[in-house]
Structure formats: structure tokens, C-alpha cells
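Heads up, the sequence shown is in my numbering, so the first residue is 41 and it goes up one at a time. Glycine is no exception: its CB is placed at the ideal position from the N, C-alpha and C atoms.
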Amino acid sequence: MEARYPSESRTILTDLVLPGETNPLNNLFGGELLARMDRAAGIAAGRHSRRIVVTASVNHVAFSKAIPLGSVVTVEAKVSRAFRSSMEVVIDVWIEDRQSGDKTRANEAIYTFVAVNESGAPVMTIPQIKPETELEQERFDAALRRKQLSLVLAGKMKPDDATELKALFT
Ligand SMILES: CC(C)(COP(=O)(O)OP(=O)(O)OC[C@H]1O[C@@H](n2cnc3c(N)ncnc32)[C@H](O)[C@@H]1OP(=O)(O)O)[C@@H](O)C(=O)NCCC(=O)NCCS
């Protein structure tokens, strides 16, 4: 099966922050942002694998900047690496300045999706990823460590078997 570029899965969702989606400080509620990121990442994973996909884990989320009511928020998701049935998806979140149109990076996240069949069982035949840019190559290279960390934390891998992860500390 031919490998695909991250850009082939690129998914962009742009939407406003409305009053029902904010916390008492009038900033976007974290759960709403998680849902938007999950939706974009799920579409990206589906575009890459051309399969039904489910969220297996949220590996990393950084709510580094509050997103005020009325903001125009863009969520951009791309598959950074594919394994056997699972894919890592990196999500970047941008806020757009109403007057200048300039975009500021507000948040980022990394999700893992698994391609499944009609019964919900993982399918082992998804295309691999061929990175094109320097950033895509960096994300590709680090994805295996993140997968191992996620599996160790989920109790699905013994720390001793996480060779790529351990190599960071030796
Ligand atoms: C995700 C799911 C399909 C995995 O099924 P499973 O029977 O545990 O399958 P496996 O252990 O063979 O794992 C399948 C793949 O997922 C990966 N995976 C499983 N849990 C993971 C985790 N916590 N972090 C990273 N990867 C994970 C495995 O490494 C494997 O990857 P690979 O095939 O690319 O090597 C299953 O747990 C599931 O259906 N979960 C519910 C999904 C869901 O409903 N999501 C919506 C959230 S409400």
C-alpha cells in the first residue's frame, strides 16, 4: 500500500466562539475545544486511512492561551505518523485577529486514532506516512516515543520494552 503525505490528511475547521461555549471568564470552555480538535483529528485520520476511525487516546494537550468569546478559531489537524492500525494526529489551534487577519497559535494537541472495521476491531492495513517538510519529519521521528509513552501509561506496554522512549534518558 502506497505511503501518503501528511498534507493529504490536512483538515481545517474554522468556527466562532459563541456565548454557550464559554466559561465564567468568557473564554472558550476547554471541553468544547477538545471536541473541536477531536472532530478535526478524526476527519484527518479518516482521510489518511480511508477507514472508520475511533479515538484511542489523547496524548497531549496544552491550553497555553485563553480564547475569548467572539474569537475566530481555526483547528488544523494532520496525521504525523501511521503504525499498523493506529495513527498519531497533531492538531494546531490558531486565533485570528479580527482587524489584521493575523493568526496567533493558541493551543496544540496530539491524539491517537485507530482504524477499525465495521465490528470495531482494529484493521492492520493502513498506509504509512512520508513526511515532506522539516516539521513533519520532526513530528514523525518523535511519534514512536509518544506512542510508547502512551502505551506505558495505559498499562499496555512494559517500560522495559519502550526502547525508543528509554533512549531519551540514556
Ligand atoms: C482503540 C481500540 C480500537 C483499541 O483496540 P484494542 O483491542 O485495544 O487493540 P490493540 O491493543 O490491538 O491496539 C490497536 C492499536 O491501538 C494502539 N493503542 C491502543 N491503545 C493506545 C493508547 N492508549 N495509546 C496509543 N496507542 C494505543 C495500539 O498500540 C495498536 O496500534 P498499532 O496497531 O498501530 O500497533 C479500542 O480500545 C476501542 O474501541 N476503544 C474505544 C474507542 C472509542 O470509543 N473512542 C471514542 C472515545 S469516547
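Original post:
Within this structure, are the beta carbons of Lys105 and Ala146 separated by less than 8 Å?
Top reply: If you check the CB distance, Lys105 and Ala146 come in under 8 Å.
Subject >> Residue burial classification, Lys198 (beta-carbon count within 10 angstroms, cutoff 16) >> reply: With fewer than 16 other CB atoms across the displayed protein chains lying within 10 angstroms of its CB, Lys198 is exposed.
**OP:** Output the boundary residues of the alpha helix (DSSP H) element that contains Arg145.
**Re:** Counting along the chain, Arg145 falls outside any alpha helix (DSSP H), though it belongs to the beta strand (DSSP E) covering 143–156.
Subject >> Cut-off 7 Å between Cβ atoms - residues of its own chain near Gln168, not counting five sequence neighbours on either side >> reply: Within the same chain, Gln168 has close Cβ partners Ala43, Ala122.
Subject >> Span of the alpha helix (DSSP H) around Glu230 >> reply: Because the chain is modelled from 41 through 210, residue 230 falls outside the range shown and cannot be assessed.
Original post:
Looking at the structure shown, is Val137 part of a helix, part of a strand, or coil, going by DSSP?
Top reply: Per the sequence shown, residue 137 should be read as Asp rather than Val. Asp137 falls in the coil class under three-state DSSP.
Subject >> Residue from Ala194, Lys196, Leu193, Arg185 with nearest C-alpha to Lys206 >> reply: Of Ala194, Lys196, Leu193, Arg185, the residue nearest in Cα terms is Arg185.
Original post:
Hey, how far is the Cα of Ala149 from the Cα of Ser120?
Top reply: Distance between the alpha carbons of Ala149 and Ser120: 12 Å.
**OP:** Rounded to whole angstroms, what's the CA-CA distance from Val115 to Ala81? Just pull it up for me.
**Re:** As the crow flies, the alpha-carbon of Val115 is around 9 Å from that of Ala81.
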